[in-house]
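To start, the structure under review is shown below, and the notes come after it.
2 protein chains.
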Amino acid sequence: MTTPQTPAVLTPEELRLTHAYWRACNYLCAGMLYLRENPLLREPLKPEHIKNRLLGHWGSDPGQSFIWVHLNRLIKKYNLDLIYLSGPGHGAPATLSNCYLEGVYSEVYPSITQDVEGLQKFFKQFSFPGGIGSHCTPETPGSIHEGGELGYSLSHGFGAAFDNPDLIVTVCVGDGEAETGPLATSWHANKFLNPITDGAVLPILHLNGYKIANPTILARISAEELEQLFLGYGWTPHVIEGDDPEVMHQKMAALTEQCILDIQAIQAKARAGGEPVERPRWPMIIMRTPKGWTAPKEIDGHKLEGSWRAHQMPILDPVTNPAHMALLEGWLRSYKPEELFDENGTLLAEIRALAPEGTSRISGNPHANGGLLRKPLSMPDFRDYALDVKKPGQVEVSSTATIAKFLCDVMRQNMTSFRVFGPDETASNKLDGIYPGSHGKTWVNATLPEDADGGYLSPEGRVMEMLSEHTLEGWFEGYVLTGRHGFLSSYEAFIHIIDSMFNQHAKWLEKSKLELRWRASISSVNLLISSLVWRQDHNGFTHQDPGFLDLVTNKSPEITRIYLPPDANCLLSVTDHILRSTDYVNVVVADKAPHLQYLTMDQAIKHCTKGIGIWDFASSDAGHEPDVVVACAGDIPTSEALAAVAILREHCKDLKIRFVNVVDLFRLMPERQHPHGLSDHEFDSLFTKDKPVIFNFHAYPTLIHKLTYRRTNHDNIHVRGYNEKGNINTPLELAILNKVDRYHIAMDVIDRVPSLQVSAAHLKEWLTDQMIDAVNYAHQEGIDRKEIREWKWPL
Amino acid sequence: MTTPQTPAVLTPEELRLTHAYWRACNYLCAGMLYLRENPLLREPLKPEHIKNRLLGHWGSDPGQSFIWVHLNRLIKKYNLDLIYLSGPGHGAPATLSNCYLEGVYSEVYPSITQDVEGLQKFFKQFSFPGGIGSHCTPETPGSIHEGGELGYSLSHGFGAAFDNPDLIVTVCVGDGEAETGPLATSWHANKFLNPITDGAVLPILHLNGYKIANPTILARISAEELEQLFLGYGWTPHVIEGDDPEVMHQKMAALTEQCILDIQAIQAKARAGGEPVERPRWPMIIMRTPKGWTAPKEIDGHKLEGSWRAHQMPILDPVTNPAHMALLEGWLRSYKPEELFDENGTLLAEIRALAPEGTSRISGNPHANGGLLRKPLSMPDFRDYALDVKKPGQVEVSSTATIAKFLCDVMRQNMTSFRVFGPDETASNKLDGIYPGSHGKTWVNATLPEDADGGYLSPEGRVMEMLSEHTLEGWFEGYVLTGRHGFLSSYEAFIHIIDSMFNQHAKWLEKSKLELRWRASISSVNLLISSLVWRQDHNGFTHQDPGFLDLVTNKSPEITRIYLPPDANCLLSVTDHILRSTDYVNVVVADKAPHLQYLTMDQAIKHCTKGIGIWDFASSDAGHEPDVVVACAGDIPTSEALAAVAILREHCKDLKIRFVNVVDLFRLMPERQHPHGLSDHEFDSLFTKDKPVIFNFHAYPTLIHKLTYRRTNHDNIHVRGYNEKGNINTPLELAILNKVDRYHIAMDVIDRVPSLQVSAAHLKEWLTDQMIDAVNYAHQEGIDRKEIREWKWPL
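These protein sequence lines are chains S and V, in that order. Position one of the first sequence corresponds to residue 81 (my numbering), numbered consecutively onward. Position one of the second sequence corresponds to residue 81 (my numbering), numbered consecutively onward.
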């Protein structure tokens, strides 16, 4: 672990200007925390200049600006393409101040001008009602990392670096954030970075010692342990420590330059060719500076700079406490704003000259507004991968295995802009058909001869697998936020591991799409949920949770889509659609096991385009008002509903059944609440105004009520779905336990169609017997009866 | 990193018996994967002896049994109190086989006897419909760790060790699991373990090299990096590596003994007193053995033992492939069952003698059925902490600060069995009033003088803070699963980080409580959700997500409870109730900021006991049928609803309003669906059968519809709640954006009460003007108008 001995990298003049630039940043940070008027302190500070509520974070601001200022020097010196991700997200003032000083803020928000008036607005809007947040939000130009929830900065950074060979992604990791699980494992992402075809990630662990109210773990372990930890993670750690700005500027100038040169040397060596790619020990920096660096040393006898007191507002009551007002004024004036800004309130040109220009500015780098760089995928025609379905419900095929071939060719046609992510489950989810087109799986770590066997591993591999849903989702988000495309599959129950990441990305998308016209559209985050609740024959209860959809329906209708394709051709159509889409989180629910296939490609396209429709082959209402509507959503509930209809049609010849299948779940919502929603008229024409509706649903049944509770016929909609009943069960047994099976659905129809209640009494008995037999057989033989396993739609 | 040089710790006879015990374990593991008949292979293996579906995991079984067998020796030799947590949860056969051989399985499940017949049933039920799962589920005696979702074994282990000074918790961490974020950060839990008052945790990283379909990261980094990583995490790593059983038995006997002695030495030194407690470098083991150790070396020319092929079923098709049948039979017979079990099918006594007896058996240790050890909390009278509320709605107090004093005394009275957990947010959530009774916060790491300042840090501290919701929840679960008590607070939006942990614990509780009578009741997991959506003045959109309640309502009504106490006395009453309860996940939603107080302690007890009720002081229906019901749940929606009622009562003198407040959310559900549910009659008598109901709700409004959609008056229930609208806003502005504010609620009433639609038209205009003024003022001044901030209920 090297600690540079203060080589004089900067000339005295460079040092003076660098320090001036940093003072300007710090002044702006403090100004936005406190001031609503008098932005350059051209009058003595008075209570009326101070905001009524003081809300914001000072703690990591000076350290982050310090990093940024030194990166600027190297961008100019080496003509770097470099972005910066702020892990301590509540240190947004650092990003904002640099963004303002570089001029980008004024370009994006023209009312925030580079003068006294603009500065006053810039200060006032910060953490102010109707203004902007105190962490890096979508409103922050130059940022692709939402700082509201901690833990994902490094995985986002890696996502940005993949397939961007000329990009350097600097990630400032907060030492509080570093305690989170997602961050702690994301250091291992260096085993997935190809030094030839990917860019570099330069993490800077900002060890400022304190979280909100506690010291951080990493700040209090020994220097030796700290070094070992990062060596163990596979990095080359470099420590910089101190608080004297003059000394620290020289150290930081030397160290950051060394890291950039090391990165370039690693890349040059790998890219020279000839040698197999080995995992480099990339440099990383541990920067130990005081929390709230350059704040007053003390307040009321308590330590301020370098303590948790400097985490948020260092001085809490300047308006009511004159001594604190004086302390605040002295602190603000310590940055000497009069030496930094001209008469007009504009940063002096000689200082401004330290920052790069145009798209070389960190805050103006197009990678941080990735939609600007996004190119649509080159797509093969998904129809070419269609299953030849001659008659509905005759053959069983894995829908996910079918789209794997399509995804394989999407991969082949987009070898630098499309990646597939899975937590060690790509093969388990039957998507291993992608490997022939993906150079196998990404792996920049030691290999063994047997690795060739079954989805090989390679630094060129483009399917990314790590047993961390957090890391994968973080990579995926970073990848699309910088203008590329992707696809992630997960076991259904464990997608909940990234519930909060979904929430945060959905919120980012909503703000970006609906409020910030300057953010260009990015590719959707496409989540395939497989290994579904209904097929957990040995995994049992822990693997049964279809509740992710409930969360998705809480988020803005403008950015959420849920699809439940009932068969492979529908899944193909949906997959094509989502890969072309932008600015959504698309959630697709499709099981990996072989299931019956129903629709031809043409029928599937039509069905998916409408999103909901009557299946004529299964219906017996012949276009008339039916006696009952049997509706379904999801592959497995669809096949059970069909089997129920087959029983009913055999035994109750006169019964007029309408069979409705739902692919696009939001069609159920009213059109005034969701852009995909059916009008009440359309809904009524499908579901009738007063006939019983038996709805067999993939997930928790209450979700259907949540989506349809304002519909005319709502009182007659009877929903079956997963009811938290299960353990080790055969597929049919699990369906029976939760009453989504053919027998229960048929009985539901009988119970709700008045004409059947007497005439089908015998049928009900038979259905009950069938159920009992089915469970007994399963418990005896460990499998479902052959006629269940091989059931086909009767032609 | 030491690698013992095979000292001959075991005598030849001990070695023979140890190996025999291990062979018995391995035989049982393989048997439960494959056999439905012929359990001891007393006839040649035939297809009909094999299960119809082969579902289970072999990969980590032999390694885990290997560990267990060697722990048994030390338990006996040193009379240890020791439990074992299986991180690679799908290796349940290892736990199950040891549990069976120790006799505990037959004690818990008497039909599974210690003979041929019992063995046949034991094999057949495994991963079989109606039987038990293939990972460690609640049905597994001796286990407190659900193995369905990976990542929490080590935090569960630490939770078990806290305040159990004589307990050693061995945690086998899978190298797949080790890639998850939650596991990766939980190694740092050693900074929170007090060597005097806590037990020890001995982690064994089982480096068997492969996940489902990929090598693991940690298995492929260099030995040097691996050592550095664990040194960096603060452990003393010991490596054991190999595949020759004879050599490995000697190595493992020596190494495990060394670790136990090191643990005892560390504890003895710390407990001798005199010295300040320093963080020990506890031992941990890295055990590198082949995946699927002792399986056939090859199958069809592919590597089997030591490859991902040995992860699940090593041989997939014995029934249809005679060569594979022969391979299977040869493999099973390689363990020589005829030398291990007597005529009766019982393990030979000389082998059985290696395992401990009674509660010394790992599988019979009462810590693994912690309810057996649980003692109720000694509780102060919560009424003693009551706020003196003379008139409703006159003073503002922080409800969480109020219960902090109560929790402080709960802590004082239960200094070895109650802990409080918070992700660096205890003080932020205004619970720092606990510190005087908690010896501050747990911290077994370096300290600085200034740490005394504001909630001090100490190895004796009992409030546990780390910036990892995963680790805290894992500790909490481990702590209650071993019979103790706790309380966790979190920011509302970030409780989603542990959605999946909640799901898994809820599932564990449901099975334990409803199906497994032998598992004794454990304390509830109590989650206080604070820093609510409605008070995110500077955190903004990312901190606004009240959707955790949606997930909670998906889980079994038998184990979930949700409380929204409207004021401090109600929160006191609820807190007392939940701390006394068992076998629930209790979710309490209460904001930290000062809010108006309404109920006297007596009123609060009555209100919370009923869970829902009419507030007479706010109502104007005087016991008659009202014109409108204004209902609310949650502290902030309650105060806005009250303010709306105050406006309406001032301006619409004749209007008969009934004001209903809901504390216990599940009262809204039908009684047939939830044990707390109101009967339809009770519901109708509160909410009427046909009058408009305006319901002001804390969370997403659709949740109320989900809970009430079968109620008589459902069509007239109009719900307001969070609608995903917000950014940086004053409290009132945010309420207005989501229409939960006083003005919107008053307008909702006007719009729905026919008699008001004309008479109150002028009032509606005034309300609209008020809203516009409120937002304008907020955007100008950064705060709400004084009359809003200081609003009181008019007496």
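Idealized CB from N, CA, C, for every residue including glycine.
Taking contact to mean at least 3 C-beta pairs separated by less than 8 Å, is the stretch 254 to 271 of chain S in contact with the stretch 546 to 558 of chain V? yes
Which listed residue (S:Asp422, S:Tyr465 and S:Thr640) has its alpha carbon closest to that of Leu120 (chain S):
S:Asp422
Self-check item: Limits of the unbroken beta strand (DSSP E) element including His170 (chain V)
Solution: Premise fails: His170 (chain V) is in no beta strand (DSSP E) and is neither H nor E.
Please report how far the alpha carbon of Trp148 (chain S) lies from the alpha carbon of Val613 (chain V), in whole angstroms. 33 Å
* Asked: In terms of residues, what are the limits of the beta strand (DSSP E) holding Cys252 (chain V)?
  -> Per DSSP, Cys252 (chain V) belongs to the beta strand (DSSP E) from Leu247 to Gly254.
**Asked** Does any residue of chain V bring its CB to less than 8 Å from the CB of Met546 (chain S)?
**Response** yes
Short of 7 Å Cβ to Cβ, which residues in the stretch 109 to 135 of chain S face chain V? Lys131, Asn132, Arg133 and Leu135
| said: Can you find the residues in the same chain that come closer than 6 Å, C-beta to C-beta, to Met81 (chain S), ignoring five residues on each side of it along the sequence? | reply: Its pLDDT being 44, under 50, Met81 (chain S) is placed unreliably by the model, and the measurement read from it follows with that caveat. Excluding positions up to five away in sequence, the list reads Glu307, Pro317 and Val319.
Closer than 8 Å to chain S by CB, Thr82 (chain V) = Summary for Thr82 (chain V): the model assigns pLDDT 47, below 50, so the residue's position carries little reliability; its value from the coordinates is reported in the next sentence. No, Thr82 (chain V) does not count as interfacial toward chain S.
Alpha carbon to alpha carbon, how far is Met495 (chain V) from Gly520 (chain V)?
-> 12 Å
- Work out the CA separation of Phe272 (chain S) and Asp533 (chain V) for me, nearest whole Å. 43 Å
- Since Val742 (chain S) contacts Ala711 (chain S) with CB under 8 Å, what's their CB separation in whole angstroms? 7 Å
Worksheet item: chain V partners of Ile716 (chain S), CB-CB under 9 Å?
Response: Ordered by position in chain V, no residue passes the 9 Å Cβ test against Ile716 (chain S), which lies about 17 Å from the chain.
*Within 8 Å (strictly less), CB to CB, does Ser570 (chain S) reach chain V?*
Ser570 (chain S) does not count as touching chain V.
**Study point:** Bridge partner(s) assigned by DSSP for Asp625 (chain S)
**Key:** Answer is none; Asp625 (chain S) lacks a bridge partner.
Looking at chain S, which residues of the stretch 753 to 784 of chain V have a Cβ within less than 7 Å of any of its Cβ atoms?
-> Tyr780 and Thr782
| said: Between the stretch 534 to 542 of chain S and the stretch 589 to 601 of chain S, can you find at least three pairs of beta-carbon atoms closer than 8 Å? | reply: no
Check: In chain order, which alpha helix (DSSP H) runs of at least 4 residues are fully inside the stretch 329 to 382 of chain S?
Finding: none
Anticipated Cβ contact below 8 Å, Ile737 (chain V) with Ser700 (chain V), distance rounded = 5 Å
Return no unless some Cβ of chain V is closer than 8 Å to the Cβ of Pro295 (chain S). For Pro295 (chain S), the answer is yes, since a Cβ of chain V falls inside 8 Å of its Cβ.
Measuring CA to CA, which of S:Pro750, S:Tyr678, S:Ala698 and S:Phe697 is closest to Asp715 (chain S)? With distances taken between Cα atoms, Asp715 (chain S) lies closest to S:Tyr678.
Determine, for Glu51 (chain V), whether the minimum Cβ-Cβ distance to residues of chain S falls below 8 Å. Because chain V is modelled from 81 through 875, residue 51 (chain V) falls outside the range shown and cannot be assessed.
- Task: Identify which residue in S:Ala110, S:Leu176 and S:Asn445 has its Cα closest to the Cα of Leu561 (chain S).
- Result: Minimum Cα distance to Leu561 (chain S) is reached at S:Asn445.
Using a Cβ cut-off of 8 Å (strictly closer), state whether Thr810 (chain V) contacts chain S.
-> Interface residue, yes.
task: Output the distance between the C-alpha atoms of Leu629 (chain S) and Ala466 (chain S), rounded to the nearest integer angstrom.
output: For Leu629 (chain S) and Ala466 (chain S), the distance between alpha carbons rounds to 28 Å.
Can you tell me which residues form a DSSP beta bridge with Ser603 (chain V)? V:Thr662
ask   = Is Asn796 (chain V) close to chain S, meaning its C-beta is less than 8 Å from at least one C-beta of that chain?
value = no
According to DSSP, is Tyr802 (chain V) helix, strand or coil? coil
Give the interface partners of Gly171 (chain V) over in chain S, defined as CB-CB distance under 8 Å, in chain order.
The contacting residues do not exist; Gly171 (chain V) stays about 13 Å from chain S at best.
- Task: List the whole-angstrom C-beta distance separating Leu420 (chain S) from Ala104 (chain S), where the pair is believed to meet the contact cut-off of C-beta under 8 Å.
- Result: Going by Cβ atoms, the distance from Leu420 (chain S) to Ala104 (chain S) rounds to 5 Å, so yes, they are a contact pair.
Quiz item: Ala526 (chain V) versus chain S: which residues are under 7 Å apart at the beta carbon?
Solution: Arg300
Problem - Thr426 (chain V) vs Asp195 (chain V) beta-carbon contact at 8 Å - result: yes
Going along the chain, which unbroken runs of the beta strand (DSSP E) with 3 or more residues stay wholly within the stretch 665 to 712 of chain S? Within the stretch 665 to 712 of chain S, the complete beta strand (DSSP E) runs of at least 3 residues are 665 to 669, 674 to 676 and 692 to 694.
- Item | Ala507 (chain S) versus Glu476 (chain S) - alpha carbon distance | 19 Å
Note to self: I need the DSSP call for Asp853 (chain V), collapsed to helix, strand or coil.
What the structure shows: helix
TODO: Please list, in chain order, all residues of the same chain as Ser538 (chain S) whose beta carbon is under 7 Å from its beta carbon, the five residues on each side excluded.
DONE: Residues His519, Gly520 and Trp523 of the same chain have their beta carbon placed closer than 7 Å to that of Ser538 (chain S), with the five preceding and five following residues left out of the count.
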